[in-house]
Amino acid sequence: MSEKNSQKYISVKGARVHNLKNIDVDIPRNKLVVVTGLSGSGKSTLAFDTIFAEGQRRYVESLSAYARQFLGRVNKPDVDNITGIPPAIAIEQKVNTRNPRSTVGTSTEVYDYIKLLYARIGKTYSPISGEEVKAHSVSDVVDFIVSQPEGTRMQIMSPFCYDAQTGVISKLTLLMKEGLQRLEVNGEPMRIEEVIKNADSIDPSTIFVIIDRIAASTDEDSVSRFGDSVQTAFGEGNGKAVVKVFPSEGEPFVEHFSNLFEADGMQFEEPNVHMFSFNSPLGACPKCEGYGKVIGIDEDLVIPNKTLSVYDDAVAPWRGEGMKVWKEELIYNAAHFDFPIHRPYCDLSPEQKRLLWKGNSHFTGIDGFFEYLEEKKYKIQYRVMLSRYMGKTICPVCNGARLKPEAGYVKIGNTTISELVLMPIDELNVFFNRLELDEHQSKVAKRLLVEIRNRLQFLTDVGLGYLTLNRLSSTLSGGESQRINLATSLGSSLVGSLYILDEPSIGLHPRDTNRLIKVLKQLRDLGNSVIVVEHEEEIMRAADEIIDIGPMAGQHGGEVVFQGPHTKLPEAERSLTAKYLLGIEKIPVPAVHRRSSSYIEVQRAAENNLKNVSVRFPLGVMTAVTGVSGSGKSTLVRTILHPALNRAIMGTGDKPGRHQGLTGDIKMIKGVEMVDQNPIGKSSRSNPVTYIKAYDEIRKLFADQQYAKQNGFTPSHFSFNIDGGRCEECQGEGVIKVEMQFMADVTLVCESCGGKRFKQEVLEVRYKDKSIYDILEMTVDEAILFFGSQDNSTAKRVAEKLQPLQDVGLGYVRLGQSSSTLSGGEAQRIKLASFLSKDSSNGPILFIFDEPTTGLHFHDIRKLLDAFQALLANGHTIIIVEHNMDVIKCADWVIDLGPEGGEKGGNIVFEGKPEELAMRKGLHTGRFLAEHIK
Numbered sequence: 001m002s003e004k005n006s007q008k009y010i011s012v013k014g015a016r017v018h019n020l021k022n023i024d025v026d027i028p029r030n031k032l033v034v035v036t037g038l039s040g041s042g043k044s045t046l047a048f049d050t051i052f053a054e055g056q057r058r059y060v061e062s063l064s065a066y067a068r069q070f071l072g073r074v075n076k077p078d079v080d081n082i083t084g085i086p087p088a089i090a091i092e093q094k095v096n097t098r099n100p101r102s103t104v105g106t107s108t109e110v111y112d113y114i115k116l117l118y119a120r121i122g123k124t125y126s127p128i129s130g131e132e133v134k135a136h137s138v139s140d141v142v143d144f145i146v147s148q149p150e151g152t153r154m155q156i157m158s159p160f161c162y163d164a165q166t167g168v169i170s171k172l173t174l175l176m177k178e179g180l181q182r183l184e185v186n187g188e189p190m191r192i193e194e195v196i197k198n199a200d201s202i203d204p205s206t207i208f209v210i211i212d213r214i215a216a217s218t219d220e221d222s223v224s225r226f227g228d229s230v231q232t233a234f235g236e237g238n239g240k241a242v243v244k245v246f247p248s249e250g251e252p253f254v255e256h257f258s259n260l261f262e263a264d265g266m267q268f269e270e271p272n273v274h275m276f277s278f279n280s281p282l283g284a285c286p287k288c289e290g291y292g293k294v295i296g297i298d299e300d301l302v303i304p305n306k307t308l309s310v311y312d313d314a315v316a317p318w319r320g321e322g323m324k325v326w327k328e329e330l331i332y333n334a335a336h337f338d339f340p341i342h343r344p345y346c347d348l349s350p351e352q353k354r355l356l357w358k359g360n361s362h363f364t365g366i367d368g369f370f371e372y373l374e375e376k377k378y379k380i381q382y383r384v385m386l387s388r389y390m391g392k393t394i395c396p397v398c399n400g401a402r403l404k405p406e407a408g409y410v411k412i413g414n415t416t417i418s419e420l421v422l423m424p425i426d427e428l429n430v431f432f433n434r435l436e437l438d439e440h441q442s443k444v445a446k447r448l449l450v451e452i453r454n455r456l457q458f459l460t461d462v463g464l465g466y467l468t469l470n471r472l473s474s475t476l477s478g479g480e481s482q483r484i485n486l487a488t489s490l491g492s493s494l495v496g497s498l499y500i501l502d503e504p505s506i507g508l509h510p511r512d513t514n515r516l517i518k519v520l521k522q523l524r525d526l527g528n529s530v531i532v533v534e535h536e537e538e539i540m541r542a543a544d545e546i547i548d549i550g551p552m553a554g555q556h557g558g559e560v561v562f563q564g565p566h567t568k569l570p571e572a573e574r575s576l577t578a579k580y581l582l583g584i585e586k587i588p589v590p591a592v593h594r595r596s597s598s599y600i601e602v603q604r605a606a607e608n609n610l611k612n613v614s615v616r617f618p619l620g621v622m623t624a625v626t627g628v629s630g631s632g633k634s635t636l637v638r639t640i641l642h643p644a645l646n647r648a649i650m651g652t653g654d655k656p657g658r659h660q661g662l663t664g665d666i667k668m669i670k671g672v673e674m675v676d677q678n679p680i681g682k683s684s685r686s687n688p689v690t691y692i693k694a695y696d697e698i699r700k701l702f703a704d705q706q707y708a709k710q711n712g713f714t715p716s717h718f719s720f721n722i723d724g725g726r727c728e729e730c731q732g733e734g735v736i737k738v739e740m741q742f743m744a745d746v747t748l749v750c751e752s753c754g755g756k757r758f759k760q761e762v763l764e765v766r767y768k769d770k771s772i773y774d775i776l777e778m779t780v781d782e783a784i785l786f787f788g789s790q791d792n793s794t795a796k797r798v799a800e801k802l803q804p805l806q807d808v809g810l811g812y813v814r815l816g817q818s819s820s821t822l823s824g825g826e827a828q829r830i831k832l833a834s835f836l837s838k839d840s841s842n843g844p845i846l847f848i849f850d851e852p853t854t855g856l857h858f859h860d861i862r863k864l865l866d867a868f869q870a871l872l873a874n875g876h877t878i879i880i881v882e883h884n885m886d887v888i889k890c891a892d893w894v895i896d897l898g899p900e901g902g903e904k905g906g907n908i909v910f911e912g913k914p915e916e917l918a919m920r921k922g923l924h925t926g927r928f929l930a931e932h933i934k
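For the sequence shown, full-length UniProt numbering gives the first residue as 1, with consecutive numbering after it.
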């Protein structure tokens, strides 16, 4: 390709990575390009494992000789040639940090700019008087002097400061030597000699040193003299100066000035960047060290059921004979301060809750009770009782703000930085857009405000307006984390780069898709090439070019079946994507919906932004929990329902979020399973065939072969997890990691076994001319065909165990493929397959799926819905947290939360059938669902 063309295209020639079939593709630069296709067709292989991997390899080649000495052993992508590739940046669905100090604010750099803004233009206010704290400069005092009417007589003075060790007379004598002659004592002028003579009878605190006697003037020489005198006054008065004014009419008055940062008897710290950094010891709260939480008395353990009143034993440690005296003390004295002892704790006002915890002169509060236990903890029973109510709780010093109290005295727009980081980004955006500053502040803050407003707008545009800057990065979903990285990339304003994104629409309600498209186009318009691996219909239609990889998955994929704008899709005869986009193929709406009379009800859920809602989940049907991002779906299902059900059925599990309780037909459920997108195994040896227990049968099959029996091989010899038949050089992994001192580890094919994972003598055992390695290299589709065609009963069982993998659309996955190479959506479907293969005679299970359509093409979603129907037919219950309209329309019941995200969400806005929701055009989900139910 000519140099001119390499500036217009990223040209890939002869790509053969994984299942790519020696493909050639020219991807236009500085365009928004969507790479789509079935799961396993080769989309990610082309985008990440070929183009991005080559970009990274070229970057590494630019490093030092020390790093390059390893590169001869690093495998390049299996491709003939790639030209025109710009510097590549991959933004994947990975939560990159578990650091408890990393927040949305720090990871997007917004907080860094806000810190600097507070350090530069923040005003400090005294917590006592509420007055602004100022350190006066010489210019401030001179400005006051020249502001008086021309000729007004004044005295520039300083408080009399002396060292207690040297004494008053020594200091007065020193002043005389410095040329100062006059003092003011009790408001009257006196010469220093007189004061020395009567020093014993004069209170030193009434003495002021007269530095200069002046008349107000704007004359240049006079102004210069004023400045010198004021400087001397600050020096003599240890930072304090006084101007006494003798007006032509009226009584004399005094104006005090200080170049110290103090007020109301308090010394304040002048704002600086470190003061607002919770990652620095100079700014972090001394109690929690900047984490925002400490080990302390946990409110949720002290008051586990917040619907109870104090009278009805809401306070758990005050139950029982031994401790009820504390409760009785409050009950008998409640009339004195009008405390509602019969009102549920959740309905108490903030002031009443504070009173219950802090106590007053009439009763000892909960805090006082625990202080009593602390004093008595030398006794074992009190130590046990204390430990029962200890947990991670909000820091009592900073109230979770992470910063030392001094940072709370500094405000901009009458708001502290701690208040800002607790605002949803939508509100924060409004705050900074409406912020009014004076002329000086505006000049200082101009550049900072541009950066802050841009970054906040980008976060809003990618649909994350419901998050707060204080939200921990480790608590974000993969989709949220990816969109934060996308917003950060926009904020950095890089140009001439290649951005490769992995399904940025994950976790995004269709309402926000257009915002995301706008952001992707902004990234392109800055002068970048944007490649998006995506299945979302609207993003495909907005792309400059679509590249469809297919026609099917695995060995039946790996070809470019269409390339061009979406307007040319009718010409794509081999493209399944085109058939779905054009309506030739579609996911049908079920003819009838299942009904259920039994249910489980979550009562008065109030965790995070949930507004004390009660909601019923019908059993034996498929329920979709929907709503815009941040509306409370995951909080309701993952944080409350799942752990509460686990505790109700199993008696163990994580602590559920705040709610009154769980009622309904709980006994009808024999178990609860959360089918999320976490990897199926932590070990790199974990793979699909071991997860669904099919490998046990395969090992038995090989151990039954004549050659295996002759050599004494048992089924364990065909395991790569234990010693015996596996290659000991690579421990059965097939690869060896080489540690590189300054770089990421390099993974190399094991030279001993050639990547085949087993010893040579084990590999010589054959079943139908296939070694154990050959079997593990088969795809699920190939293996079902191979084992299903045998007369052997063990082989038949292998095919039966593999069938569920094919049913959920994973026929293209290799049996021995490492779980670390599977996407979140693939891992989720392998878990689903394992449940489909299990015997359901133990009783019905409630399955919870968190966005199971992640990474799925329209055609794969169709297969997934068939698998769901198989679970339902076995009597199980399915609850899905989902945004995909094709799944929602196929649900039997829909629970829609909203109406918006964050504080504007947390309400149940709809419960019923999908067709009824589609008629509710005032709801975001209903509006988009109506387009799919026709």
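Glycine included, each C-beta is placed from N, C-alpha and C at the ideal position.
{"Check": "Near ALA88, which residues of its chain fall below 6 Å by C-beta distance, leaving aside the five closest residues on each side in sequence?", "Outcome": "PHE52, GLY55, LEU498"}
{"Check": "So, using beta-carbon positions, are CYS727 and PHE702 closer together than 8 Å?", "Outcome": "no"}
{"Check": "Pick helix, strand or coil for TYR409, following the three-state DSSP scheme.", "Outcome": "helix"}
{"Check": "Under 8 Å by Cβ, that's how I've got GLU534 and GLN563 pegged, so tell me the actual separation to the nearest angstrom.", "Outcome": "No, GLU534 and GLN563 are not in contact; Cβ-Cβ is about 15 Å, not under 8 Å."}
{"Check": "Would you mind working out which of SER596, LYS244, LEU420 sits nearest PHE431, comparing C-alpha positions?", "Outcome": "LEU420"}
{"Check": "Contact defined as beta carbons within less than 8 Å: I believe VAL780 pairs with GLN806. What is the distance between those atoms, to the nearest angstrom?", "Outcome": "6 Å"}
{"Check": "Check whether the stretch 689-704 touches the stretch 779-798, taking contact to mean three or more Cβ pairs, one atom from each stretch, closer than 8 Å.", "Outcome": "yes"}
{"Check": "Output needed for ASP886: all residues of its chain with C-beta closer than 6 Å, excluding positions within five of it in sequence on either side, in chain order.", "Outcome": "ILE587, ILE861"}
{"Check": "Using C-beta distances below 7 Å, list every residue in its chain close to GLU903, excluding the 5 sequence neighbours before and after it, in chain order.", "Outcome": "PRO424, ASN609"}
{"Check": "Answer with buried or exposed for LYS709, where buried requires no fewer than 16 other C-beta atoms within 10 angstroms of its C-beta.", "Outcome": "exposed"}
{"Check": "Taking the runs of the beta strand (DSSP E) that are 3 residues or longer, which of them lie wholly in the stretch 112-167?", "Outcome": "123-125, 153-159"}
{"Check": "Excluding sequence positions up to five away, which residues of its chain have a Cβ less than 7 Å from the Cβ of ALA90?", "Outcome": "PHE48, PHE52, ILE500"}
{"Check": "Suppose you measure from the CA of ILE666 to the CA of ASP347; what does that come to, to the nearest Å?", "Outcome": "28 Å"}
{"Check": "Taking the beta strand (DSSP E) that TRP893 belongs to, which residues open and close that run?", "Outcome": "893-898"}
{"Check": "By DSSP, does ARG98 sit in helix, in strand, or in coil?", "Outcome": "coil"}
{"Check": "So SER283 and ALA199 are in contact, right, with Cβ under 8 Å, and what is the actual spacing, rounded?", "Outcome": "One detail in the question is off: residue 283 reads as Gly in this sequence, not Ser. About 47 Å; that fails the 8 Å criterion."}
{"Check": "In its own chain, which residues sit with a C-beta less than 6 Å from the C-beta of GLY901, not counting the 5 before and 5 after it?", "Outcome": "TYR466, VAL628, SER629, GLY630, SER631"}
{"Check": "What's the call for ASN884, buried or exposed, on a 16-neighbour Cβ count within 10 Å?", "Outcome": "buried"}
{"Check": "If contacts are defined as beta-carbon pairs under 8 Å, then LEU815 and ILE775 qualify, I think. What distance do you get, rounded to the angstrom?", "Outcome": "6 Å"}
{"Check": "For MET674, list the residues DSSP reports as bridge partners.", "Outcome": "ILE848"}
{"Check": "Please report the distance separating the alpha-carbon of PRO551 from that of HIS857.", "Outcome": "12 Å"}
{"Check": "In its own chain, which residues sit with a C-beta less than 6 Å from the C-beta of ASP78, not counting the 5 before and 5 after it?", "Outcome": "ARG16, VAL17"}
{"Check": "Measure the C-alpha to C-alpha separation of ARG73 and GLU729 and round it to an integer number of angstroms.", "Outcome": "Here the model assigns ARG73 a pLDDT of 47, short of 50, so the residue's position is not dependable, and the following value carries that caveat. So the two alpha carbons sit approximately 17 Å from each other."}
{"Check": "What whole-angstrom Cβ distance do PHE617 and THR623 have, given they're in contact under 8 Å?", "Outcome": "6 Å"}
{"Check": "Give me whichever residues DSSP pairs with PRO189 in a beta bridge.", "Outcome": "GLU184"}
{"Check": "What three-state label does DSSP hand VAL533 in the structure shown?", "Outcome": "strand"}
{"Check": "With DSSP as the reference, identify every bridge partner of MET622, one or two as the case may be.", "Outcome": "ILE878"}
{"Check": "Per DSSP, which residues does ASP502 bridge with? Please list them.", "Outcome": "VAL533"}
{"Check": "According to DSSP, is PHE226 part of a helix, a strand, or is it coil?", "Outcome": "helix"}
{"Check": "Tell me the DSSP bridge mates of ILE415?", "Outcome": "The displayed chain sequence assigns Thr, not Ile, to residue 415. ILE412, per the DSSP bridge assignment."}
{"Check": "Compute the Euclidean distance between the alpha carbons of GLY732 and LYS838, then round it to the nearest angstrom.", "Outcome": "28 Å"}
{"Check": "Cβ of GLY237 within 8 Å of Cβ of PRO159?", "Outcome": "yes"}
{"Check": "Applying the criterion that 16 or more other CB atoms from any shown protein chain within 10 Å of the CB defines a buried residue, is GLN165 buried or exposed?", "Outcome": "exposed"}
{"Check": "Quick one: what's got a C-beta closer than 8 Å to ALA316's C-beta in the same chain, skipping five residues either side?", "Outcome": "LEU301, VAL302, ILE303, PRO304, TYR389"}
{"Check": "Flag this pair as yes or no: are the beta carbons of THR468 and VAL813 separated by less than 8 Å?", "Outcome": "no"}
{"Check": "Residues in its own chain within less than 7 Å of LEU448 by CB, not counting five upstream and five downstream?", "Outcome": "TYR113, LEU116, LEU117"}
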